[in-house]
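Those protein sequence lines, which keep their order, are chains A and B.
For the first sequence, UniProt numbering gives the first residue as 1, with consecutive numbering after it.
For the second sequence, UniProt numbering gives the first residue as 1, with consecutive numbering after it.
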Amino acid sequence: MLLELNNIYKWVQSGGQKIFLLKDINLKVEEGEFISIMGPSGSGKSTLLNIIGMLDVFNEGEYNFLDEPVHSLKEKHRSNLYKQYIGFVFQAYHLLDELTVYENLEMPLLYKKYSSSERKALVADMLDKFNIVGKQNLFPSQLSGGQQQLVGIARALISSPKLILADEPTGNLNSKQGEEIMEIFKELNKDGVTIVQVTHSEKNATYGSRTINLLDGRKI
Amino acid sequence: MYNLYLKIASRFLLKNKLYSFINIMGLSVGIASFVLIMMYVANERNYDKFNGSENVYRVYMDYLEGNTFSPGDAQSYNLSGPTLKKEFPEIKEYVRFFHLQKTTFINENEVFEGNKGAIVDPSFFSVFDYPLVKGDVKDALAAPNSIVLQENLAEKIFGKESPIGKTLSIFWKGETTVTVTGILKDIPKNTHIKNNFLVSFETLKTWKAIPRQYEPNWSQNNFFTYIKVNKNTDIDALQQKIIKTNFEDDLDERHNIESLESIHLNSNKPYEAEANGSESRVKFLLAIAFIILILSWLNYVNLATTKSLERAKEIGIRKVSGAQRPQLIFQSLLESVLINCIAIVIATIVVVFTLPFFNSYTGEDLIVNSAVVLGLLPYLGFIFLGTVLSGLYPAIILSGYSPVVALKGKVRASSNGLNIRKGLIITQFFATIVLLIGTIVVAKQIKFLENQPIGANLDHVVAFNWEVLSKSKDSVLKRDNKLFESELRKLPYVKNVVSAETYPGGGYDNLSSTVGITFPNGTVDENRIFYTYNVSPGYFNLLDMEFVAGSSFLETAKRSSNKIVINEKMAKHMQIANLAEAVDETVKFWGEDWVISGVIKDYHHFGLKTAIEPILIRHYEDKNNLLVKFDKSVTSVAGFGTVLKKVENIWDNAYAQNVFNYTFLDKEFQSQYNEDKNFGSAFLIFTVLAILIASMGLFGLTSYTVVQRRKEIGVRKVNGANIVNILATLNKDFVKWITLAFIVAVPISWFTMLKWLEGFAYRTAISWWVFAVAGCTALVIALLTVSWQSLKAALANPVDALKDE
């Protein structure tokens, strides 16, 4: 088992009242799964994804990742776990505007212990794999949305994470570009990468092996 | 990884050109000003430093005034040095300087004028560690009529050939011949006693123009005396011993000593070798330097923090990609180091290029060389440390953003952060207002000094002075003088011609003094110094000086008499209540009787920085200066230039070889305030820079608040607010902050400027409008800066702001 959420609650205080973002979420994810999280706006999809990605904290419950209790880990330990196993893909790509494609791909490696020759090799691999060798010296603003997302996915994959978390990865793309991106996710999943995506689209959800529906912070 | 950091930083800077420009310019201007002022200060503080200078002291005279002694004369007697050395074994050596101002040399019919030098003891080289390029320090100044020239003067006179052994005519109130025995390496310009030649002391014995100076005596105190003490001498004990010993059997004065190195900034006695600097001025400038540097740091903090909001997304992405806080802080610091390095490079270029202007402005001679750079290194380290520290705050803010929030673009700076920025702006404006008030007060004081009536009319009066380079006897010269005078009177525009030893604004040069005087009522005053000079009878009329009793001297065939004219202050000292009674009374000094022929209204002889002194003006036709009063139409009709040329022609016809100089009296009088004017303009320049920097900070902060309040502005506009309403909303806060800064600035600057004004005997009032002008200026500048941004926000289409969600 890759990860397990038990009775997760998350709330914020507003005017002396607790507003629940997540209520009693239980979820098990096995390695190699491709899960889609669906639900209307404000149902807590992104919050759940951020919690799985350790970007956000929860108020109650347990979270085990590869048998490590995330809820009781120290910040540093959690950060190491995260660095090693998780990659993120965003709806708005979130590439660094000041960096070229090549440098954007290299960036996450700088925060992990890779030698410069290793970094070179890994970036070259990714450029190759996603067929963007010719674009390596361009800046994000010089790419189309689909190409930017391609770079975004390549960046998420570069340190070979076990888990890819994608927050509406096709939300800013047209249908053709979106389809291409989903095909890539499917391929990755076939290669053994676990994927959890948040999506609004029924069609995209069908790429996954399982769908989780949320409403008002609850699983239904 | 560092490469990448630098890459990001440089691309960020290139992309945000306005931000980078403001930021880097702010820092460059701050650093450049700081470095310039520091160079100036270092130069001022390094006066008279050479190997062993810490053991050199100047002997000066204290005079008893009332019950206390106060410094009365920077010069001492020719017996002072030898006697002190004999009495106190701690004193290793002494050297005496008889100062020769405006000396002229003639070498093979070529004339070299305007040289400053001194007649010194052979021991000069064992007190002052100035090396000789040629000649031997042991005997260069031993023989009579020997001269040691400074390298640049030697080259001017003799060119490339070796001057050793050559003879030279030297003129100073009379002529003698000297032989060059040594070449002195050029002395650094930061010394309080600038000599470009030295004449041996033995020369005094035979130099007829300088009588009564050679023989040991306790009556001619015309010597600067310097002593060198043994290392580790208890200087306080020595000073006490010197103060307590009465060498010349005169209880009204005593000898005292002061450190050579301290003279330039701390000594302001009568008869100094030159007008010295001032410690308080140096401190003022130092304070300004630090204020500007701190302003530019605050500016940097402000701008970087403001900009960090825009960089929240980048931080979010980095965090998601695995960056940890220390790495992000480090990156941010690296950026501030980069910005600062660029700023330091630009500042260096600015310093190198503005130095000539700075020099001509301040009258200094600052240069950039390895020693200066080495001396500045600690300050550069300080600058660097400061900027790294100021980079830390934005770094911590920036790295603290939560990635989830940052990626959604919903970063809102905490109200705490905003308070810090407000604090920074208030501090900046506080400093700016203080500097503004300072500038206005300094300018007001200078204006006051210039416009204050001085009791004499110096307009269109020119003093001609010359050296007659001829071996003819004095009597012949005098007759020629008369001829020259009558020729001058024939010139158009010339209203009056009079000879005088000195004039208002002439300073202590050519001014004699006496301590010990018997008043008409028989009282003997030996407690204070009285100044006196020679004039011919027409002097008072020419300068429009007003008599309150009696009149000027009568013209006599002898051209001199025992008559004197005194000023009111002198009469007061003599306890003469009814000024008319002073006329025909007798005063005794210098062992002679002097009869008062008139009392003039008090006039300012020394400028308005000092109080009016009692003055005795003697009747003696001195050939030092010929004062010529021109008709005021001379400037409009003929022009001074042509008229002066005519005067020079007349003089040239009379004498083949001569040196001819002239001075405009009004200009020379005003030049007493030159240091203050320079200080005023330095104040102004640095105030403008400070305002510039503070405005940049404000500009940064506004762009930030405007972004923050975009939605608010949108909502207000949709609900009917017009542009004026929006501007008012946005600018209200800034008005509040500047008011706060103003309230704090007023008492502090009022107190500081009051202290500064204490340095003047006659001072302007710090009126309420000074504060009002400073406050309004700051406010107007701030509002203009702010409105640039606010207006943009107010004009924006609210739809753009609101559809963001």
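Beta carbons are placed, not taken as given, at the ideal position from N, Cα and C, and that holds for glycine.
Which of helix, strand or coil does DSSP assign to residue i?
{"i": "B:Ser20", "result": "helix"}
{"i": "B:Ile367", "result": "coil"}
{"i": "A:Lys18", "result": "strand"}
{"i": "residue 850 of chain B", "result": "Within the shown structure, residues of chain B are numbered from 1 to 805, placing residue 850 of chain B beyond reach of any answer."}
{"i": "B:Ser512", "result": "strand"}
{"i": "B:Asn268", "result": "coil"}
{"i": "A:Thr194", "result": "strand"}
{"i": "B:Gly338", "result": "Checking the sequence shown, residue 338 of chain B turns out to be Leu, not Gly. Of the three classes helix, strand and coil, the one that applies to B:Leu338 here is helix, per DSSP."}
{"i": "A:Asp24", "result": "strand"}
{"i": "B:His604", "result": "coil"}
{"i": "B:Val476", "result": "Because the pLDDT at B:Val476 is just 44, under 50, the model does not fix this residue reliably, and the value given afterwards should be weighed accordingly. Helix, per DSSP."}
{"i": "A:Tyr114", "result": "coil"}
{"i": "B:Lys667", "result": "helix"}
{"i": "A:Met54", "result": "coil"}
{"i": "B:Val524", "result": "strand"}
{"i": "B:Tyr130", "result": "coil"}
{"i": "B:Ala118", "result": "strand"}
Going by DSSP, what residues sit across from residue i in a beta bridge?
{"i": "B:Ser259", "result": "B:Tyr57"}
{"i": "B:Glu93", "result": "B:Lys228"}
{"i": "B:Trp756", "result": "Looking at the DSSP assignment, B:Trp756 forms no beta bridge with any residue, so it has no partner."}
{"i": "B:Leu627", "result": "B:Ala463, B:Val498"}
{"i": "B:Arg45", "result": "According to DSSP, which records beta bridges pairwise, B:Arg45 is partnered with nothing at all."}
{"i": "A:Tyr63", "result": "A:Leu5"}
{"i": "B:Glu65", "result": "B:Thr68"}
{"i": "A:Gly87", "result": "A:Ile164"}
{"i": "A:Lys186", "result": "Paired residue(s): none; A:Lys186 is not in a bridge."}
Taking Cβ-Cβ distances shorter than 8 Å, what residues in chain A pair up with residue i?
{"i": "B:Gln327", "result": "Tyr111"}
{"i": "B:Lys17", "result": "Going along chain A, no residue has its Cβ under 8 Å from B:Lys17, so there is no contact; the nearest lies around 14 Å."}
{"i": "B:Lys313", "result": "His94"}
Starting from the beta carbon of residue i, find every residue of chain B whose beta carbon is closer than 7 Å, and list them in chain order.
{"i": "A:Pro108", "result": "Ser321, Gly322"}
{"i": "A:Asn50", "result": "Val404"}
{"i": "A:Lys83", "result": "Gly322"}
{"i": "residue 221 of chain A", "result": "The first residue shown for chain A is 1 and the last is 220, placing residue 221 of chain A beyond what the model contains."}
{"i": "A:Ser141", "result": "Residues of chain B passing the Cβ test: none, with the nearest at roughly 10 Å."}
Looking only at its chain, what residues have a beta carbon closer than 8 Å to the beta carbon of residue i, apart from the 5 residues adjacent to it on each side?
{"i": "B:Leu251", "result": "Leu64"}
{"i": "B:Val476", "result": "Unreliable placement is indicated for B:Val476, whose pLDDT of 44 sits below 50; the coordinate value is still reported in the next sentence. Closer than 8 Å at the Cβ level, and outside the excluded window around B:Val476, lies no residue."}
{"i": "A:Leu215", "result": "Gly39, Pro40, Ser43"}
{"i": "B:Thr586", "result": "Pro520, Asp593, Trp594, Val595, Ile596"}
{"i": "B:Glu258", "result": "Tyr57, Arg58, Tyr60, Asn266, Ser267"}
{"i": "B:Asp474", "result": "Note that B:Asp474 has pLDDT 47, beneath the 50 cutoff, so the model's placement of it is unreliable and the number below is only indicative. Here the set comprises nothing."}
For residue i, verify whether its CB is less than 7 Å away from any heavy atom of the ligand SAH.
{"i": "B:Leu795", "result": "With respect to the ligand SAH, the structure offers nothing, as it holds no ligand at all."}
List the residues of chain B that residue i touches, going by C-beta distances under 9 Å, in chain order.
{"i": "A:Glu168", "result": "Those within 9 Å of A:Glu168 in chain B number zero; the least Cβ separation is about 13 Å."}
{"i": "A:Phe90", "result": "Ile317, Val320, Leu407"}
Grab me the residues of residue i's own chain with a C-beta within less than 7 Å of its C-beta, minus the 5 sequence neighbours each way, in chain order.
{"i": "A:Leu150", "result": "Phe130, Ile132"}
{"i": "B:His99", "result": "Ala118, Phe224, Ala273"}
{"i": "B:Gly114", "result": "Lys102"}
{"i": "A:Pro108", "result": "Arg155, Ile158, Ser159"}
{"i": "B:Ile315", "result": "Leu328, Leu398, Ser399, Tyr401, Ala406"}
Using a Cβ cut-off of 7 Å, pull out every chain A residue sitting near residue i, in sequence order please.
{"i": "B:Leu334", "result": "Residues of chain A passing the Cβ test: none, with the nearest at roughly 13 Å."}
{"i": "B:Ile317", "result": "His94, Leu96"}
Suppose the cutoff is 6 Å on Cβ atoms and the five residues either side in sequence are ignored; what does the same chain contact list for residue i look like?
{"i": "B:Leu608", "result": "Leu449, Gln452, Tyr762"}
{"i": "A:Thr206", "result": "none"}
{"i": "B:Phe589", "result": "Thr514, Ile517"}
{"i": "A:Ile8", "result": "Leu22, Ile25, Phe58, Gly61"}
{"i": "B:Val320", "result": "Pro403"}
{"i": "B:Gly81", "result": "Tyr94, Arg96, Thr225"}
In chain A, which residues lie less than 9 Å from residue i when you measure between Cβ atoms?
{"i": "B:Leu4", "result": "Leu99, Glu103, Glu106, Met107, Leu110"}
Name the chain B residues that come within less than 8 Å of residue i, Cβ to Cβ?
{"i": "A:Asp128", "result": "Going along chain B, no residue has its Cβ under 8 Å from A:Asp128, so there is no contact; the nearest lies around 21 Å."}
Quick check on the DSSP output: what are the complete alpha helix (DSSP H) runs of length 4 or more inside the stretch 527-602 of chain B, in order along the chain? 539-542, 568-573
Within the stretch 166-239 of chain B, ranges of the beta strand (DSSP E) (whole runs, at least 3 residues): 167-171, 175-184, 197-200, 223-229
List, from N- to C-terminal side, the alpha helix (DSSP H) runs of 4 residues or more that fit wholly inside the stretch 662-711 of chain B. 665-670, 674-708
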